[in-house]
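Take a look at the structure set out below.
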Amino acid sequence: MIRTVVVKELRAMAREGRFAALLVIGAAVLAVAILASLQRHAAVASEVAQVAAATRQQWDDQGDKHPHRGAHFGLYVFRPASALTVIEPGLGDYFGQALWLEPHRRNVARFEPAQDALPSTRFGDLSAGFVFAVLLPLLVIAVTFDAVSGERQRGTLRMMHGAGVAPARLVAGKFLALGAGFAVFALAVALAPVIAASAGGTLDGAVWWRAAGLGAGYLLYAAILVGLGLAVSAWVADDRSALFVLVGLWLAFVFVIPGMGAAVARHAISLPSAQAFWAAIQRDYTEGLPGDGNLAARTERHDAALLARYGVTRLADLPVGAAPLRRLERDAYAGRVHALHFDALWQRYAAQENVMRAAALLSPTLAIRNFAMKMAGTDLSHQRDYEAAAERYRRSVNTAIDEWDASHTRGMTSFDARYAGAALWRAIRPFAYTMPPARFALRAALPEIAIMFWWCGLAAAGLFFSLRRIQP
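With my numbering applied, the sequence shown has no gaps in its numbers, which climb one by one up to 474 at the end.
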């Protein structure tokens with residue numbers, strides 16, 4: 003019987019033409035958004051590649067100088083963007099695109115695209131993921147608001163009831179028929195940028211798994227929306243009331259709840275100012291963490307241990323460079339201090355993210371956007387992974403330079419001496435970052451997956467309780 007209802011619904015949808023027209027309009031809007039995002043993605047990738055090559059060339063060609071002066075010349079490292087950022091740029095526009103690496107200090111990412119954007123781009127630069135998350139509910143509303151209430155008003159519900167069609171089978175058939183059409187639409191959105199990137203020969207194979215996960219999330223989103231739409235249509239008495247209720251839910255899901263969630267997160271979990279953040283790091287480095295002593299005391303202990311190790315009484319008599327060994331010790335301590343403060347900052351970011359997760363319990367649109375950011379690699383967890391990789395690279399670069407300096411000098415040397423050159427600079431391997439595998443994204447997205455299934459349960463419950471309202 004369900005199969006009969008599905009066939010009947012598919013024929014009715016084809017005959018009426020409303021469903022096909024809506025899908026064509028939706029596909030056209032999304033195609034424009036995806037093409038614009040692809041263009042922007044290609045331009046940014048090209049620019050990043052050019053700047054990365056130029057800054058590396060400047061590093062290699064900086065000439066003869068003291069090795070520590072060379073280290074302070076610094077390096078920029080850039081985060082490569084996944085093909086899925088075309089769909090969901092997420093937080094990418096609000097985190098910096100590059101990190102400046104230098105001795106002694108761990109920096110935050112710089113050059114946020116959102117800061118460089120013109121005011122007009124707030125209205126014209128909409129991502130495909132945002133358009134999909136906002137547009138799909140409207141398409142679903144347009145075809146579900148009268149799916150059951152319209153049958154009741156036209157009298158066909160009485161005819162089907164007389165023919166022995168149970169309400170559960172009727173709703174199941176309508177759900178499958180509508181879901182099939184929206185499923186194709188959802189999968190096309192998730193796979194379009196991946197196919198485009200694959201055609202260009204620039205696709206990492208792991209992206210396919212992420213795209214599959216994103217497509218599965220979009221399928222769940224479509225199923226949730228269709229289920230809610232049918233439940234409302236079955237619950238209310240007429241199609242006009244169903245339309246009003248569904249439009250109200252759309253406004254709440256898309257605008258009201260995400261906005262309120264962001265406001266609560268911002269006020270409930272405050273972030274330190276840049277001045278306070280860096281001042282706290284400087285204080286803990288200079289004055290020392292509990293039990294470690296201040297900078298002068300730590301330096302005195304280090305020098306004493308160094309003299310005892312080599313059996314000399316003056317730093318000038320050491321058979322190795324004293325200054326680079328001091329820097330190694332100080333930078334190791336600075337790394338500890340920076341890690342403590344950056345970890346605390348990331349914990350505050352994570353707390354704000356948890357507030358948005360709580361808000362997603364009230365909005366499937368917010369839930370799917372949070373999930374899409376995880377799969378696209380444009381969320382907090384991926385940004386933190388990139389910055390952690392850059393920090394490990396920064397430490398390895400400075401350690402390599404200081405160790406080279408220590409082994410090529412004796413005692414105390416002048417900071418103005420120039421004894422490092424191109425051979426040392428070019429021996430530093432370039433930074434290479436690879437996005438974590440799909441399982442990293444899925445692990446980070448477990449709360450979002452649970453929330454999506456929460457919404458599946460709500461939609462199923464809504465359908466179940468609306469069945470008793472389906473009366474001829």
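Ideal Cβ positions, reconstructed from N, Cα and C, are used throughout, including at glycine. The structure presented is a predicted model; accordingly, all values stated were derived computationally and were not measured.
Please report the distance separating the alpha-carbon of W280 from that of Y351. One C-alpha to the other measures close to 17 Å.
How about P169: is its C-beta nearer than 7 Å to some C-beta of chain B? The chain inventory of the structure shown lacks chain B, comprising one protein chain alone.
Going by the CB atoms, is the gap between I143 and P366 shorter than 7 Å? Against a cut-off of 7 Å, the Cβ pair of I143 and P366 comes out as no contact.
How big is the Cα-Cα spacing for V88 and Q155? Each residue's Cα considered, the two are about 44 Å apart.
Going by beta-carbon coordinates alone, are W252 and P139 separated by less than 7 Å? yes
Can you check which of these residues, F344, K176, R359, is closest to L465 by C-alpha distance? K176
Which class does Y78 belong to by DSSP, given the choice of helix, strand or coil? In the structure shown, the three-state DSSP call for Y78 is strand.
Once you ignore the five residues that flank L308 on each side, which residues in its own chain have a CB closer than 8 Å to its CB? L317, L320, A324, L327
List the DSSP bridge partners of Y11. Note that residue 11 corresponds to Glu in the displayed sequence, not to Tyr. DSSP, once it has assigned bridges, lists no residue as partnering E11.
Uninterrupted alpha helix (DSSP H) stretches inside the region 298 to 324 (no shorter than 4 residues): none
In three-state DSSP terms, what is E114? coil
Following the continuous beta strand (DSSP E) through L103, name the residue where it begins and the one where it ends. Residues 100 to 103.
Applying the criterion that 16 or more other CB atoms from any shown protein chain within 10 Å of the CB defines a buried residue, is I27 buried or exposed? Flag for I27 reads exposed.
Contained beta strand (DSSP E) runs [length at least 3] in the region 397 to 472, N- to C-terminal order: none
Label D418 either buried or exposed according to how many other C-beta atoms from any shown protein chain fall within 10 Å of its C-beta, with 16 as the threshold for buried. Flag for D418 reads exposed.
Check G250 in the structure and name its three-state DSSP category. helix
Which class does R108 belong to by DSSP, given the choice of helix, strand or coil? The answer is coil: DSSP assigns R108 none of H, G, I, E or B.
Please name the residue or residues paired with K67 in a DSSP beta bridge. A422
In the structure shown, what three-state DSSP assignment does L273 receive? Under the three-state reduction of DSSP, L273 is assigned to coil, being neither helix nor strand.
Identify which residue in A85, L141, T57 has its Cα closest to the Cα of L103. The closest CA to that of L103, considering only A85, L141, T57, is found on T57.
Endpoints, alpha helix (DSSP H) assigned at L137: Where L137 is concerned, the enclosing alpha helix (DSSP H) stretches over 130 to 146.
Whole angstroms is fine: what's the gap from A446's alpha carbon to Q349's? 14 Å
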